[in-house]
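Worksheet: the structure to be examined is printed underneath.
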Amino acid sequence: MGNGASYDSAKTIHVDVSGKLQKIVFSRHCSSRDIQDLLQSAAGAGRWANISLQDGNGGLVSVAPTMPINTANNPYKVIVQESRQTHGDDEVIQAVLTQVAEQFNKAFKVTELKDEVSRRLTAIEKRMEMEGLKAVEIEKCKQELSNIKDQLLAVKNNADTSSTDYGIDEKKLSIKRDIPKYPKYTLSQETIEYLKRPTFDIWHWESNEMLSLLEHMYHELGLVQEFNMNPIVLKRWLLCVQENYRNNPFHNFRHCFCVSQMMYGMINLCDLQSKMSQFDIGVLLTAAVCHDLDHPGYNNTYQINARTELAVRYNDISPLENHHCAVAFQILSQPECNIFSNIDIDLFKRIRQGMIMLILATDMARHSEIVDSFKSKVENGFDFSNEDHLNSLKMVLIKCCDISNEVRPMEISEPWVDCLLEEYFMQSDREKSEGLPVAPFMDRDKVTKPTAQIGFIKFVLIPMFDAVCKLFPQIEEVMVKPLREAQEHYEEMKLREDERTTDSVARAQTPSSAHKKLRMKFLITSSPLLQKKRKEPLAVKEK
């Protein structure tokens with residue numbers, strides 16, 4: 001959209017083109033070339049034609065913005081002289097394009113590159129003909145080419161974006177359609193009762209046995225009947241869940257079973273079935289089973305600092321926990337693994353919302369927020385009929401189960417500390433190699449077993465379990481007391497380590513007795529003041 005100034009600066013001339021009167025309007029700010037183009041257009045002449053103007057007296061008029069204006073009664077006559085180049089426009093353009101193409105070839109070596117590509121393609125074709133690559137080998141070649149492409153793109157962007165830097169391998173969901181049935185174990189009454197206790201030793205069970213125990217939990221709690229689960233689908237779902245836990249030192253399927261067993265124990269110990277619906281019990285146990293699906297062994301801090309695909313996908317907001325939820329519902333989206341296939345859609349939506357809420361609550365970045373909210377509700381009067389209060393309790397329960405190893409006897413819990421430190425050290429080593437920040441509690445050069453555990457038990461575990469104990473006093477003896485004993489155990493271990501360190505430093509800094517005697521004897525016998533007494537025996541008393 002223009003303005004009024006553009007009209008004020010316009011000029012109008014009248015021209016006679018082969019006896020036809022035409023009007024030319026142009027701005028005072030136009031160039032002579034612009035006016036020439038207007039005249040060529042009015043005369044229907046080519047771009048290379050020469051245009052000149054004559055006034056009524058035959059005088060030539062300068063084609064410029066400053067030319068005198070005229071009227072229709074005395075128009076300028078347009079004289080057109082065709083240039084020889086007019087008929088050779090195509091040849092000129094072609095010549096220019098040829099020169100440009102030559103310059104591009106020289107600058108970017110297009111011809112050489114084309115020849116090199118052709119040579120390599122020919123070599124690849126000959127190699128394929130000579131070696132007779134099979135289909136699998138061809139796929140490998142395609143994958144290698146794809147990797148090379150990614151590497152070239154990374155170099156171009158001056159950033160390494162290969163999948164190994166993400167800390168998580170994007171893998172297809174492991175689903176077994178023709179699943180071999182795992183053995184059916186007959187559980188003794190002693191094992192059935194033992195399974196309900198926090199002291200349950202999770203190290204003595206193989207994978208198939210753990211699957212059978214999880215299956216028993218669903219049957220014993222009445223969840224199979226409540227949700228109308230197909231028992232075969234339940235088996236298949238458990239196997240698929242197991243397949244999608246990685247072989248990490250800590251975050252593996254045994255950890256999944258450990259958390260689920262502790263949840264089962266708390267359901268029985270706190271008599272949660274009398275205070276919650278079967279719906280809530282089913283969500284609690286299923287969320288515990290799925291809470292760390294496909295964990296890569298590198299925590300959220302690494303994901304965010306390394307800008308992994310997961311961190312980008314979930315905008316740095318609980319990337320791992322969001323991924324665990326996604327994998328859980330990928331499994332449930334398969335008809336052959338959907339244990340909730342026989343319930344109505346509205347109930348499934350509620351189950352999905354509940355599981356997402358609980359799995360996201362396991363992000364330790366939200367620990368203070370969740371525990372403080374629960375404490376406030378307990379102090380002001382907890383109401384089991386209040387949905388908000390109930391959700392707060394469920395989030396704290398899954399958090400307790402997720403980090404409950406220290407509740408168990410020391411011979412069961414301490415190996416978990418070794419597993420966790422091994423996973424921490426793997427991450428810190430990688431962070432050092434990639435130039436990322438390293439958390440002190442993960443650095444193998446700074447952390448020890450007691451230093452890792454004392455603060456965690458004292459400031460994280462005991463306050464949280466104490467809050468739950470106010471609602472369920474029965475956990476005092478079997479959960480809170482073992483936590484205090486574990487704290488004392490690691491404090492004693494730290495004390496012994498400090499004593500050993502002090503002794504080692506003292507030995508390194510203090511000369512030995514023999515060395516002190518020799519040094520003292522040398523000083524005394526070499527003193528000029530004692531030269532006269534050298535015939536007398538010298539008694540060296542060591543302080």
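Each residue of the sequence shown is one higher than the one before, counting from 1 in our numbering.
Even for Gly, the Cβ is constructed at its ideal location relative to N, Cα and C.
As the structure is a computational prediction, the values presented were derived from the model and not from experiment.
DSSP three-state label for residue i, please.
i: residue 424; result: helix
i: residue 302; result: helix
i: residue 206; result: coil
i: residue 197; result: coil
i: residue 36; result: helix
i: residue 314; result: coil
i: residue 111; result: helix
i: residue 372; result: helix
i: residue 387; result: helix
i: residue 116; result: helix
i: residue 246; result: coil
i: residue 435; result: coil
i: residue 71; result: coil
i: residue 478; result: helix
i: residue 472; result: coil
i: residue 407; result: helix
i: residue 363; result: coil
i: residue 334; result: coil
i: residue 258; result: helix
i: residue 525; result: Any reading at residue 525 needs caution, since the residue's pLDDT is 40, under 50, leaving its predicted position unreliable; the model's value is listed next. In this structure, residue 525 counts as helix in the three-state DSSP scheme.
i: residue 42; result: helix
i: residue 402; result: helix
Determine the contact status of residue i and residue j, defining contact as a CB-CB distance below 8 Å.
i: residue 337; j: residue 240; result: yes
i: residue 544; j: residue 249; result: As shown, the chain starts at 1 and ends at 543. That puts residue 544 outside it, with no answer to give.
i: residue 263; j: residue 398; result: yes
i: residue 407; j: residue 374; result: no
i: residue 260; j: residue 289; result: yes
i: residue 339; j: residue 234; result: yes
i: residue 76; j: residue 25; result: no
i: residue 49; j: residue 81; result: yes
i: residue 294; j: residue 304; result: no
i: residue 599; j: residue 469; result: Since the displayed the chain opens at 1 and closes at 543, residue 599 lies outside it and no answer follows.
i: residue 272; j: residue 223; result: no
i: residue 54; j: residue 35; result: no
i: residue 450; j: residue 481; result: no
i: residue 471; j: residue 371; result: no
i: residue 300; j: residue 320; result: yes
i: residue 403; j: residue 203; result: no
i: residue 355; j: residue 325; result: yes
i: residue 242; j: residue 212; result: no
i: residue 409; j: residue 191; result: no
i: residue 358; j: residue 283; result: yes
i: residue 194; j: residue 209; result: no
i: residue 440; j: residue 432; result: no
i: residue 452; j: residue 417; result: yes
Using the rule of at least 16 other Cβ atoms within 10 Å of the residue's Cβ for burial, across every protein chain shown, is residue i buried or exposed?
i: residue 10; result: exposed
i: residue 33; result: exposed
i: residue 228; result: exposed
i: residue 463; result: exposed
i: residue 127; result: exposed
i: residue 6; result: Per-residue confidence for residue 6 stands at a pLDDT of 46, beneath the threshold of 50, marking its modelled position as unreliable; no derived number is given.
i: residue 427; result: buried
i: residue 253; result: buried
i: residue 503; result: exposed
i: residue 362; result: buried
i: residue 457; result: buried
i: residue 236; result: buried
i: residue 392; result: buried
i: residue 13; result: buried
i: residue 98; result: exposed
i: residue 121; result: exposed
i: residue 465; result: buried
i: residue 405; result: buried
i: residue 103; result: exposed
According to DSSP, residue i sits in a beta bridge with which residue or residues?
i: residue 17; result: 20
i: residue 54; result: 60 and 77
i: residue 27; result: 10
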